[in-house]
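Numbering (full-length UniProt numbering), first residue to last: 1 to 120.
We put the beta carbon where it would ideally sit given N, CA and C, even for glycine.
Predicted, not measured: the structure shown is a model, and the values here were computed from it.
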């Protein structure tokens with residue numbers, strides 16, 4: 001059954017096997033907190049410009065911060081943090097299923113799928 005589901009996802013996604021990029025969920029992006037820059041010298045990794053003290057920035061769930069005008073276009077095309085590649089939810093059901101499959105496959109490969117010892 002799992003093989004059939006996997007094959008269906010590959011067909012629906014055009015056989016790309018997780019290679020396509022999908023923007024982050026609008027709900028998630030709207031919920032990202034705005035924080036004020038408090039330190040001088042920090043650089044936005046998207047535009048490579050210094051962040052000004054007192055300016056509103058976007059804080060990602062991984063705690064990386066970016067200029068709003070830099071991160072918004074990024075998140076419309078990708079669902080990852082530009083620094084650490086932490087994935088955010090998407091509005092694409094098939095991509096979300098694929099992401100769950102990738103996680104499960106990674107856990108299975110590490111022996112973290114229940115039964116005997118270890119685990120996360």
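| What is the residue span of the alpha helix (DSSP H) that residue 30 lies within? | 26-30
| said: Just to confirm my understanding: we take residue 67, look at its own chain, exclude 5 residues before and 5 after, and list those with CB closer than 8 Å. What are they? | reply: 44, 46, 47, 49, 51, 55, 57, 58
| Could you give the distance in angstroms between the alpha-carbon of residue 25 and the alpha-carbon of residue 53? | 29 Å
| message | I need the boundaries of the beta strand (DSSP E) containing residue 59, first residue and last residue. | response | 56-59
| What are the start and end residues of each continuous beta strand (DSSP E) run of 3 or more residues lying completely inside the UniProt domain "RING-type" (44-85), in chain order? | If you keep only unbroken beta strand (DSSP E) runs of at least 3 residues inside the UniProt domain "RING-type" (44-85), you get 56-59, 65-67.
| said: So, for residue 95: in the same chain, excluding its five sequence neighbours on each side, which residues have a beta-carbon less than 6 Å away from its beta-carbon? | reply: 22
| Cutoff 6 Å; reference residue 65; Cβ partners in own chain excluding five residues on either side | 57, 59
| task | In angstroms with no decimal places, state the Cα-to-Cα distance between residue 88 and residue 63. | result | Taking the CA atoms as reference points, residue 88 sits about 13 Å from residue 63.
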